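One line per chain: the protein sequences are Y and H, in this order. For the first sequence, the tail end lands on 640 under UniProt numbering, and the numbers increase by one without skipping. For the second sequence, the tail end lands on 640 under UniProt numbering, and the numbers increase by one without skipping. No residue lacks a Cβ here, since even glycine has one placed at the ideal position from N, Cα and C. For clarity, every value in this text was computed on a predicted model and none was experimentally measured. Beneath this line is the structure, given in structure tokens, with notes to follow.
2 protein chains.
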Amino acid sequence: MSERKEFRTLVSLEDAKKALIPFYKRDIEEVPLNECYNRVLARNVYSRVDVPGFDRASMDGFAVKAKDTWGADEESPRPLRIKGIIHAGDKPDISVEPSTAVEIATGAVMPRGANAVVMVENTDTSGEDVNVRKPVSPGENVMHTGADIMMGELALRAGTRLTSREISVLAAVGLDRVAVYKKPRVGIISTGNELMMPGTILEPGQIYDVNAYAVGAGVIENGGEPVYLGIIRDVYEDFQKAVVEATKKYDIVVTSGSTSAGASDMMFSTVGSFGKVLVHGIKIKPGKPTIIGEANDRPFIGLPGYPSSAITIFNEVVAPMIRHMSGYPEKARREVTARMAVRVRSEGGREVLLPVGLINEKDALSAYPIEKGSGAVSSLLDADGYIEISEDTHVIDEGDKVSVKLFSEEITFPDLLMIGSHCLGIDIITEMMSEKGYTVRSINVGSMGGFRAIRKGIADAAGVHLLDESGVYNEPFLRSLNVEDAVLIKGYVREQGLILPKGNPSGIKGLEDLPGKQFINRTKGSGTRTLLDMELKKIAEGRGTTLQVLTESIPGYDVEAKTHNAVASAILMGKADAGLGIKTVAEQNGLDFIPLRDEEYDFVVKASSMNKPAVIAFMDILRSAEFKKRIAELGYKPQA
Amino acid sequence: MSERKEFRTLVSLEDAKKALIPFYKRDIEEVPLNECYNRVLARNVYSRVDVPGFDRASMDGFAVKAKDTWGADEESPRPLRIKGIIHAGDKPDISVEPSTAVEIATGAVMPRGANAVVMVENTDTSGEDVNVRKPVSPGENVMHTGADIMMGELALRAGTRLTSREISVLAAVGLDRVAVYKKPRVGIISTGNELMMPGTILEPGQIYDVNAYAVGAGVIENGGEPVYLGIIRDVYEDFQKAVVEATKKYDIVVTSGSTSAGASDMMFSTVGSFGKVLVHGIKIKPGKPTIIGEANDRPFIGLPGYPSSAITIFNEVVAPMIRHMSGYPEKARREVTARMAVRVRSEGGREVLLPVGLINEKDALSAYPIEKGSGAVSSLLDADGYIEISEDTHVIDEGDKVSVKLFSEEITFPDLLMIGSHCLGIDIITEMMSEKGYTVRSINVGSMGGFRAIRKGIADAAGVHLLDESGVYNEPFLRSLNVEDAVLIKGYVREQGLILPKGNPSGIKGLEDLPGKQFINRTKGSGTRTLLDMELKKIAEGRGTTLQVLTESIPGYDVEAKTHNAVASAILMGKADAGLGIKTVAEQNGLDFIPLRDEEYDFVVKASSMNKPAVIAFMDILRSAEFKKRIAELGYKPQA
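Written out as structure tokens, the structure is:
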């Protein structure tokens, strides 16, 4: 242990960014016009042609000398002799003399001698003449040579991002190749003995490589081109070779992982051996074990191993460099202002980037912290972005305004946030809400977590099914858990029981048979687990022992499934002999079921959310005949 | 003329969109994980694995039985015998017995018998023992099997757009191929005898094809894949063949152009011959001559020829279909709320999509109409989006709130809007403003247009150099043009004169020699043109004639260049024998110059803009030593 190194010279996030500034540079390449979408123009474009390149009719009608039409009106139309016709694309060999006209199409070349066009709607023809019923002034319905863009004019400025309208201008001035900033090529390496490529089969101890794909998507989003260089084990020579080769070929090299103390030592000394370490770690949470170095005059960034940390540091440190190189505007991500839904504490002493979820409130966004462990990939889905808490900030109060940096431009925030117990009925609600144009985010944390989320004011609604010792569902917990300013809305009745493999090979007859059988449990605080514990406690008491002793005799009692379906899957896969869950899920999966009791699945709704359009829509759905029909199909019963 | 057809059965924009709904469908394809960025998930993803797949240490430290640490503190650490070490990726063959510990790295498999990890910071080692200085509870610093994502759990829902965070989850559950909605392939055809590909040389009457590239960029932006099928002439057989072939190969076929009365007849009858015409035109401005049809069960949309009309109808009618097919959210474009800067009238009787520019005001956006002819491509650059004016709306008042549909997601609005005369000094101001972080949009409409833009309240500032009959610059026009609530800020002095080809081959000595020479003029209302007309008027009077007669003897007097550079270019290219402009531009282009008089180039600033940060920065720049130095380099003189 003694040779392990702590990160001794942590720098601020700001200084970490500054360490990379020497590598901010831009290369230029020419691309075909039809491939320049979303690229950034690298040079000013001066038009080499006039647009249009000739005096052009801008209406269908007749090219005339304006003077010849003066005085014309509906009563006394002016007849002009038609001398011919000019179509768009024709090179006209015809001219307009006094008292004559030439039929002309939109976009066609104006004939010599004509200085205006009478719209076809203001004429009629009789024999060889056209009768003009409305006068025109010189230049009317004519676009002069260069009136749109003149030869020599600055048509587009360097630095412009090319969207449909800029590309239109490039086409109009005749460019078929466009000078744009080169997308930096970013070599992406994942390091770690535990990593495997998605699509392979894992052995114990292995996990799939996530960071390569997360970083690759981030590279694209910021204007770069990712190159996936695969997984490198924690072997000095392999790592050195991979990084040295990569810095020769790519503009930027990003690795991730191997930042646990032992492996990161290896990285430090390796980078030191072939290049220069610029930053030894950042005074920030998460992301402390970040390495910045250089080799072959190219920057090298070693990101932390946890995906959420890796993405955060990538966004803060690497993305601005990629954006500069590709000419994108400096501001990396959309920021939105929101109000904190709860009080947040920080230890202080280092900057904290706190992941938050966002929810649409009546006229503002509300932010709530995402508190899963930093190792959880799924927490990325619940978080929409993060807030920066400075070193000296210790508390952000409920209601304080915060600026949230979004993880992605494409994020849309839910209209309804449900945090609580999982139920198939919530999937139906989500679907029916979506048909009404509302988006729902539902986070499964069990009934107890649901009550807490309402108490804290985070969630709009929570699905709950908690049984009180007195045998009453849900309602007593509003008081016992101090959930104020909330309304309990009765939902429906589900049948809970034991889910067993088809044919019940272990011959389980009830909860009393669980000891010695491989069990799969549900999340702590979930209604299902609470029910299980109440029933097991009765059995334990009957046997003159305690709940703890009884549960220690049930292997797998500690394994927590977050959803009913996950329980069914574990049993289908042979990973467990039994689990507790609802009848519907057992039936859907063709599994055996021993009923234990009916339970009441209800919704706790935050009082201040009751007027939100999304909550009104939610309540309408709960009351609707369609919802009742669809939950009946699931085998649920309406509330008595 | 008699056989020409007017569009008789115009439908509303809403009905035009509805005509395409039968073609809204979605196909699914599988793509590799590293190519799914920004695609939309087509099927629910249920995890086939537990994440993590084993009980995992979430910190560097020692795996222990929690009980063995209870009671430990700084004074009385608990010694545990170290039984070995487990690295990330190891398959451990080791177990923790009472009073023992196993060293463990973040991400490594927990050994049998251990139920918690003591962080390395809370330990020290002595010989074969580790001394634990802080107790842990069961499960502390351990992530249990499936705690992140459990086998069978719904990891991602169909319909989710895949950004970095969703891709992280797909990788974590081990997917290497992802079912996404297929990007619809859109065949793009341009029609018209006048069209040529960019990169070719134009002959008289020809213009470059703009719409193919504008539409192609729009297809990408909305999630589709453009296929460029080239230019088809207005020939029945060619058009029929191209469209029939395209509808066999592509999901959607978009043509543009050939919508002038004669050509569109051809299109109608052609589409009728091989398919079905669904819509004969839309009751909207711009975009009336739009055709919607079907052939081979595929939709066919014929857009108008003018680029701004084509893009508008594409956005309204075609983009929603492409978005549906690729699974993108229905809302095609960002909408922003703005206040109209000026009163706008509409004829009524049909819906109008009015292009507007947007400008950042103190706490809101302000929208001003873009009034260039619909044939101008450059007008696309000045417009940021458009507002929808319904059939029955005749007036939108100044200050009314309007909803602006943006042309592109990537648009950013300028902080300072300058509308007026063009000057090289404005390019310097733009550059210096950009260094201060402010964006400037400058629209060149001449001095008179600048005064008008300030009077209407559209622009923040206008560069002007208008000479009064009394010989005073700019100031008298505030009164004579009724420009109220504005401030005149003195700028600098420029030298105006005749720009001539090098060596002055025509031997021009002054304005009196212009008759009979090919001239290039500036925009009506520009200060340069006003100065020219004042001087020419004196000459005409001296010769006993009128200005009009004199100018009729100067070929090219009607040709309007929008910038000084454009004048110089025309002379360099041999297109003109003389033009009026500033000395600086003549010198920069190596052209001859005959001075006429010094003129005062000043800025009119809208009074209500004076407190805008961007205007304050602009005023600072005008006063700065750097600006004075840089305009001196251009040959301008500071104001006396």
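Please list, in chain order, all residues of the same chain as residue i whose beta carbon is under 7 Å from its beta carbon, the five residues on each side excluded.
| i | result |
| --- | --- |
| Lys405(Y) | Arg333, Glu335, Gly385 and Tyr386 |
| Ile631(Y) | Gly425, Ile428 and Tyr492 |
| Val227(Y) | Arg185, Val186, Gly187, Ile188 and Tyr250 |
| Gly399(H) | Arg339 and Met340 |
| Lys629(Y) | none |
| Ile621(H) | Ile429, Met432, Met433 and Phe627 |
| Val377(Y) | Val210 and Pro307 |
Near residue i, which residues of its chain fall below 6 Å by C-beta distance, leaving aside the five closest residues on each side in sequence?
| i | result |
| --- | --- |
| Ala310(Y) | Asn211, Ser256, Leu303 and Pro304 |
| Ser2(Y) | Reliability of the predicted coordinates at Ser2(Y) is poor, the pLDDT of 33 falling under 50, and the value obtained from them is presented with this limitation in mind. Nothing listed; no residue qualifies. |
| Val215(H) | Ile188, Val254 and Phe314 |
| Ala105(H) | Asp60, His87 and Ala88 |
| Phe7(H) | Because Phe7(H) carries a pLDDT of 40, less than 50, the predicted location of this residue cannot be relied on, and the following value inherits that uncertainty. Excluding sequence neighbours, Phe7(H) sits near His280 and Gly281. |
| Pro92(H) | Ile86, Val109 and Pro111 |
Suppose the cutoff is 8 Å on Cβ atoms and the five residues either side in sequence are ignored; what does the same chain contact list for residue i look like?
| i | result |
| --- | --- |
| Thr270(Y) | Tyr236, Phe239, Gln240 and Val243 |
| Ala540(H) | Thr546, Leu547, Val549 and Leu550 |
| Gly556(Y) | Gln518, Phe519, Ile520, Asn521 and Ala576 |
| Phe274(Y) | Gln240, Val243, Val244 and Ala295 |
| Ser624(Y) | Met432 |
| Val604(H) | Gly420, Gly450, Phe451, Ile454, Ala461, Ala462, Val464, Asn474, Leu478, Val483, Ala486, Val487, Leu488 and Ile489 |
Are any of the Cβ atoms in chain H nearer than 8 Å to that of residue i?
| i | result |
| --- | --- |
| Lys83(Y) | no |
| Asn193(Y) | yes |
| Leu229(Y) | no |
| Leu354(Y) | no |
| Thr255(Y) | no |
| residue 643(Y) | Look at the range of chain Y in this structure, 1 to 640, and you will see that residue 643(Y) is not part of it. |
| residue 645(Y) | Shown here, chain Y extends from 1 to 640; a query on residue 645(Y) therefore has no answer. |
| residue 644(Y) | Residue 644(Y) is absent from the model: chain Y starts at 1 and stops at 640. |
| Glu140(Y) | no |
Along chain Y, in chain order, which residues have C-beta atoms closer than 8 Å to that of residue i?
| i | result |
| --- | --- |
| His280(H) | The contacting residues do not exist; His280(H) stays about 17 Å from chain Y at best. |
| Val109(H) | Pro204 and Gly205 |
| Phe149(H) | One detail in the question is off: residue 149(H) reads as Ile in this sequence, not Phe. Residues of chain Y passing the Cβ test: Val377 and Ser378. |
Give a yes or no on whether 8 Å exceeds the smallest Cβ distance from residue i to chain Y.
| i | result |
| --- | --- |
| Ala364(H) | no |
| Lys637(H) | no |
| Thr546(H) | no |
| Ser12(H) | no |
| residue 665(H) | Outside the shown range of chain H (1 to 640) lies residue 665(H), about which nothing can therefore be said. |
| Met197(H) | yes |
| His324(H) | no |
| Glu221(H) | yes |
| Glu347(H) | no |
| Tyr250(H) | no |
Strictly below 8 Å CB to CB, what residues from chain H border residue i?
| i | result |
| --- | --- |
| Gln206(Y) | Gly53 and Gly89 |
| Thr175(Y) | Reading off the sequence, residue 175(Y) comes out as Leu, not Thr. Ordered by position in chain H, the residues that pass the 8 Å Cβ test against Leu175(Y) are Pro198 and Gly199. |
Closer than 7 Å by beta-carbon distance: list the chain Y residues that pair up with residue i, in chain order.
| i | result |
| --- | --- |
| Thr530(H) | Result: empty, since nearest Cβ-Cβ is about 18 Å, beyond 7 Å. |
| Gly216(H) | Asn34 |
| Tyr213(H) | Leu33, Asn34, Ile167, Ser168 and Ala171 |
Closer than 7 Å by beta-carbon distance: list the chain H residues that pair up with residue i, in chain order.
| i | result |
| --- | --- |
| Asp209(Y) | Ala171 |
| Ile94(Y) | The contacting residues do not exist; Ile94(Y) stays about 12 Å from chain H at best. |
Output, in chain order, the set of chain Y residues within a Cβ distance shorter than 9 Å of residue i.
| i | result |
| --- | --- |
| Val49(H) | Leu202 and Tyr208 |
Relative to chain H, which residues along the segment 550-579 of chain Y have a C-beta separation below 9 Å, given in chain order?
Asp558, Val559, Glu560, Ala561, Lys562, Thr563, Asn565, Ala566, Val567, Ala568, Ser569, Ala570, Leu572, Met573 and Lys575
In the segment 306-318 of chain Y, which residues sit with their C-beta less than 8 Å from some C-beta in chain H, listed in chain order?
Pro307 and Ile311
Report the start-end ranges of each beta strand (DSSP E) in the segment 226-262 of chain Y that is 3 residues or longer and not cut off at the edges.
252-256
What are the complete alpha helix (DSSP H) segments, minimum 4 residues, inside the segment 496-575 of chain H?
527-542, 547-552 and 564-572
As an exercise, report each continuous alpha helix (DSSP H) stretch of at least 4 residues that is fully enclosed by the segment 262-350 of chain H, in chain order.
307-313 and 319-326
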